[in-house]
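Keeping their order, the protein sequence lines are chains A and B.
Residue numbers for the first sequence follow numbering that gives the first Met the number 0, beginning at 0 and rising by one.
Residue numbers for the second sequence follow numbering that gives the first Met the number 0, beginning at 0 and rising by one.
Report on one structure; see the data block that follows.
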Amino acid sequence: MNSKSSSFWAGVRAEFPLLVGVFPFGMIYGVLALTAGLPIAAAQSMSWMVFAGSSQFIAAQLIHDAAPGFVIVLTVAIVNLRHMLYSASVAPYLDSVSTGWKPLLAYLLTDEAYAVVITHYEKEGLTPSSHWFFFGAGFALWFPWQASTAVGIFFGAVIPANWPLDFALPLTFIALVMPALKDRPAIAAALSAGLVALLAYSLPYKLGLILAALVGIVVGTVLEARQ
Amino acid sequence: MNIWWIMLAGGALTFGMRLFFIYLFGRLEVPETMRRALRFVPPAVLSAIILPELLIRSGKLDLSLGNSRMAAGLVAVVVASITKNTLLTILAGVAALLILQFVM
C-alpha cells in the first residue's frame with residue numbers, strides 16, 4: 000500500500016470512534032428537521048450544504064419559528080465562527096498543499112475532523128501525505144453524516160405528527176449547552192444571553208436572538224478578562 | 000427568503016470561514032480578543048434560544064407551575080448534567096412533557 004492510501008485509511012480509522020456520537024446526532028437532526036417543517040430534500044441537503052451539526056439544528060429551529068432569512072443566516076454564521084479558529088490552526092500544515100486541495104479540506108473541516116487532524120499533525124508532524132490523512136478523517140465524517148441524516152429523515156417521516164417532537168429541539172440545545180457551563184464567565188454568558196432573549200423577545204425579525212447572543216458573548220469575554 | 004437561499008448563504012459563509020485562514024496563511028492572524036470570545040458563543044446562542052422556548056407561551060412570559068415546558072426543560076437540564084447524553088436528555092424531556100400534559 001502506498002503512503003497516500005495508508006494515510007487516507009489511517010485518517011478514516013482515527014475518525015471512527017467519534018462516529019459513535021455523530022451517527023445518532025445526525026439521525027436526531029434528520030428527525031427534527033422534518034418535524035420542524037423542512038421539506039425532505041431541504042432537510043437532507045442542509046447536511047452537505049452547511050455540514051455543521053449544531054448550526055443545522057439551530058437553522059431548523061429558526062425555520063420552524065418562521066424567523067426571517069437574514070437572521071437565520073447571521074445566526075448560523077455566529078455559531079460557526081469557531082471554524083475560523085480551526086482554519087487558522089491547521090493553516091500552517093496546509094501551506095504546501097496544492098490550491099485544489101485547500102477548498103476540499105476546508106469544506107471537510109468540522110469540529111470532529113479538526114479534533115482528529117490537529118492531534119495527528121501535532122504528534123506526527125507534517126509529512127508529504129498528511130493531507131490524505133485529513134481527507135480520510137474528513138470523509139469518514141462526511142459520509143456517515145449524510146447517511147445518518149437520511150436514516151433520521153426516514154424515521155421522521157413515519158413518526159405520528161401529534162408527538163410533541165418540536166420540543167426535542169430545545170431539549171437538544173439543553174444537552175449541548177450544559178457541558179459548556181463549566182466556569183463563571185460561561186455561566187454568566189448563558190444567563191445574560193437568556194435574560195436578554197426573554198426581555199427582547201418582542202423585537203421584530205427575531206433580532207432579540209442576535210442581540211442576546213452578542214450580549215452573552217461580551218459579558219463572558221469581559222468577565223474572563225477581569226479574572 | 001426562500002429556504003434554499005438561506006441554506007446556500009449559511010453554507011457559503013460556513014465554508015468561507017473554514018477556508019479563510021487556510022487560504023490567507025502567513026498574511027493574517029486571528030485577533031486575540033476573537034480567540035477568547037469564541038468560547039462564549041455556544042452558551043450565549045443556545046441559552047438565547049432555550050429560555051424563550053421554555054418560558055414564553057403564547058407570546059407572554061409564563062413562570063407559573065402550569066407551564067409544562069418549563070418543568071420538562073428543568074428535567075432535561077438535570078438529565079443532561081448527569082448523563083451528558085443528548086438522546087437520553089431528549090427522551091427524558093419529551094417523556095416529562097407528555098406526563099405533565101397528561102396530569103395537568
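The beta carbon of each residue, even a glycine, is placed where N, CA and C say it ideally should be.
Which residues in chain B sit within 7 Å of residue i, going by Cβ to Cβ distance?
{"i": "GLY172/A", "result": "Correcting the residue type first, residue 172/A is Phe in the shown sequence and not Gly. Within 7 Å Cβ-Cβ: LEU45, ILE48, ILE49."}
{"i": "PRO16/A", "result": "Per Cβ cutoff of 7 Å: no residues; PRO16/A is ~16 Å from chain B at best."}
{"i": "HIS82/A", "result": "THR13, MET16, ARG17"}
Cβ of residue i within 8 Å of Cβ of residue j?
{"i": "LEU206/A", "j": "VAL116/A", "result": "no"}
{"i": "ALA70/B", "j": "ALA36/B", "result": "no"}
{"i": "LEU227/A", "j": "ILE173/A", "result": "Lying outside 0 to 226, the shown extent of chain A, residue 227/A is not represented and no answer is given."}
{"i": "LEU210/A", "j": "VAL195/A", "result": "yes"}
{"i": "GLN60/A", "j": "LEU168/A", "result": "yes"}
{"i": "ALA43/B", "j": "ILE39/A", "result": "no"}
{"i": "ILE186/A", "j": "VAL30/A", "result": "no"}
{"i": "LEU107/A", "j": "TRP141/A", "result": "yes"}
{"i": "MET26/A", "j": "PHE154/A", "result": "yes"}
{"i": "VAL78/B", "j": "LEU86/B", "result": "no"}
{"i": "ALA58/A", "j": "SER46/B", "result": "no"}
{"i": "SER54/A", "j": "LEU175/A", "result": "no"}
{"i": "PRO23/A", "j": "TYR204/A", "result": "no"}
{"i": "LEU170/A", "j": "VAL93/B", "result": "yes"}
{"i": "ALA91/B", "j": "VAL74/B", "result": "yes"}
{"i": "VAL96/A", "j": "HIS63/A", "result": "no"}
{"i": "LEU17/A", "j": "GLU121/A", "result": "no"}
{"i": "ARG68/B", "j": "LEU53/B", "result": "yes"}
{"i": "SER2/A", "j": "SER86/A", "result": "no"}
Using a C-beta to C-beta distance shorter than 9 Å, which residues of chain B count as neighbours of residue i?
{"i": "GLN60/A", "result": "ILE48, GLU52"}
{"i": "ILE27/A", "result": "THR85, LEU86, ILE89"}
{"i": "LEU37/A", "result": "ILE2"}
{"i": "GLY68/A", "result": "MET0, ASN1, ILE2, TRP4, ILE5, ALA8"}
{"i": "VAL89/A", "result": "PHE20, ILE21"}
Since residue i and residue j are thought to touch, with beta carbons under 8 Å apart, how far apart are those beta carbons, to the nearest angstrom?
{"i": "THR13/B", "j": "ALA139/A", "result": "Incorrect: roughly 20 Å between the Cβ atoms, too far for contact."}
{"i": "THR109/A", "j": "TYR28/A", "result": "Their Cβ separation, rounded to whole angstroms, is 13 Å, which puts THR109/A and TYR28/A out of contact at 8 Å."}
{"i": "LEU73/A", "j": "ILE2/B", "result": "Not a contact, Cβ separation roughly 16 Å."}
{"i": "PRO143/A", "j": "VAL21/A", "result": "6 Å"}
{"i": "ALA90/A", "j": "ILE21/B", "result": "5 Å"}
{"i": "ILE55/B", "j": "TYR200/A", "result": "6 Å"}
{"i": "GLN145/A", "j": "TRP47/A", "result": "6 Å"}
{"i": "SER4/A", "j": "PHE132/A", "result": "Going by Cβ atoms, the distance from SER4/A to PHE132/A rounds to 11 Å, so no, they are not a contact pair."}
List, in chain order, every chain A residue whose beta-carbon is nearer than 8 Å to that of residue i.
{"i": "SER80/B", "result": "MET177"}
{"i": "VAL76/B", "result": "ILE173, MET177"}
{"i": "VAL102/B", "result": "Near VAL102/B there are no residues of chain A at all, since even the closest Cβ is about 15 Å away, more than 8 Å."}
{"i": "GLY72/B", "result": "PRO169, LEU170, ILE173"}
Which residues in chain A sit within 7 Å of residue i, going by Cβ to Cβ distance?
{"i": "ILE98/B", "result": "The premise fails here: ILE98/B is roughly 12 Å from chain A at the closest Cβ pair, so nothing lies under 7 Å."}
{"i": "ARG56/B", "result": "Here the premise fails: no neighbours, minimum Cβ distance about 11 Å."}
{"i": "GLY65/B", "result": "Neighbours of GLY65/B on chain A: none; closest Cβ ~16 Å, over 7 Å."}
{"i": "LEU60/B", "result": "LEU197"}
Starting from residue i, find everything on chain B with Cβ-Cβ shorter than 8 Å and list it in chain order.
{"i": "ILE77/A", "result": "VAL40, VAL44"}
{"i": "THR74/A", "result": "VAL44"}
{"i": "ALA94/A", "result": "Position check: residue 94/A holds Asp in this sequence, whereas Ala was assumed. Per Cβ cutoff of 8 Å: PHE24, GLY25."}
{"i": "VAL49/A", "result": "MET6, GLY9, GLY10, THR13"}
Item to complete: Name, going along the chain, the residues of the segment 24-43 of chain B whose beta-carbon falls closer than 9 Å to a beta-carbon of chain A.
Response: Taking a C-beta cut-off of 9 Å against chain A, the contacting residues of the segment 24-43 of chain B are PHE24, GLY25, LEU27, GLU28, VAL29, THR32, MET33, ARG34, ARG35, ALA36, LEU37, ARG38, PHE39, VAL40, PRO41, PRO42, ALA43, listed in chain order.
Worksheet item: Does the count of Cβ pairs from the segment 131-146 of chain A and the segment 105-120 of chain A closer than 8 Å reach three?
Response: yes
Discussion item. Using a Cβ-Cβ cutoff of 8 Å, what residues of the segment 7-21 of chain B are near chain A? List them in chain order.
Written reply: LEU7, ALA8, GLY9, GLY10, LEU12, THR13, PHE14, MET16, ARG17, LEU18, PHE19, PHE20, ILE21
Discussion item. When you compare the segment 79-89 of chain A with the segment 13-27 of chain B, are there three or more beta-carbon pairs, one atom per stretch, that lie closer than 8 Å?
Written reply: yes
Worksheet item: Are at least three pairs of beta-carbons, each pair with one atom in the segment 180-196 of chain A and one in the segment 155-171 of chain A, less than 8 Å apart?
Response: no
Item to complete: Please name the residues in the segment 196-219 of chain A whose beta-carbon is closer than 7 Å to at least one beta-carbon of chain B, in chain order.
Response: ALA196, LEU197, TYR200, LEU208, ALA211, ALA212, GLY215, ILE216, GLY219
Worksheet item: Between the segment 140-163 of chain A and chain B, which residues of the former have a C-beta closer than 7 Å to a C-beta of the latter?
Response: PRO163
Worksheet item: Listed from N- to C-terminal order along the chain, which residues in the segment 96-118 of chain A have their beta-carbon within a distance smaller than 8 Å of any beta-carbon of chain B?
Response: LYS101, PRO102, LEU104, ALA105, TYR106, LEU108
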